[in-house]
DNA sequence: GGCGGAACGC
DNA sequence: GCGTTCCGCC
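Numbering (UniProt numbering), first residue to last: 1 to 190.
In structure tokens form, the structure reads like this:
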């Protein structure tokens, strides 16, 4: 099994921003068009389902669930080298880098930093699980979106005025995204 | 839904 | 400072 990487707390090269390969799930993996025993067995194994599970029940019940791996949401601080929970914009960057969260949100125009939220409630739930400042109440898409709106003032993000659509500012793009044209990676450390 | 003011908390 | 909570307005 090649290209399989595991998070290792002792591995100083671990960079959560580039942990895309930690595990890769796409919705294609759950297609029931191909009902080969190998795939079904893999899915049952992944979700610890009894081998007797009816194949027809798998898609409806479990295609939605992405197991939370807290370690893939950690940010390593530049000077201190310590791991911490991500800020909201860091969470967004991480989320958009992970192909297994493509069903939650994805870029519609990556060069402009425009992305669309597909699963508002799921993202709010995920943000609640991952964020630093915890509270007793439930995180909602409304509150999640309000937090993003504060970024307009600091120019981390900019308005799109479009439903479920957000945009990183050019400032943020330059700072945290690789310019794929000249391949000059600027400040990739968060 | 999106927006942004206001009060709040850690 | 960085959101969180609430909410009136569009």
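Built from N, CA and C at the ideal position, the CB exists for glycine as well.
Keep in mind that this is a model prediction, so the values were computed, not measured.
For the 8 Å CB-CB criterion, residue 94 and residue 105 do not form a contact. When the beta-carbon positions are compared, residue 156 and residue 89 come within less than 8 Å of each other. Considering only 139, 101, 176, the residue with the shortest C-alpha distance to residue 127 is 139.
When DSSP states are grouped into helix, strand and coil, residue 148 belongs to the helix group. The Cβ atoms of residue 172 and residue 166 lie no closer than 8 Å to each other. Cα atoms of residue 122 and residue 115: separation of roughly 16 Å, rounded to the nearest angstrom. In the DSSP assignment, residue 128 falls within the alpha helix (DSSP H) that extends over 120-130. With fewer than 16 other beta carbons inside 10 angstroms of its own, residue 129 counts as exposed. Comparing alpha carbon positions, the residue from 84, 87, 110 closest to residue 169 is 110.
The shortest C-alpha to C-alpha distance from residue 86 to any of 79, 71, 100, 153 is the one to 71.
Within its own chain, the residues whose Cβ lies closer than 6 Å to the Cβ of residue 132, once the five positions on either side in sequence are excluded, are 85, listed in chain order.
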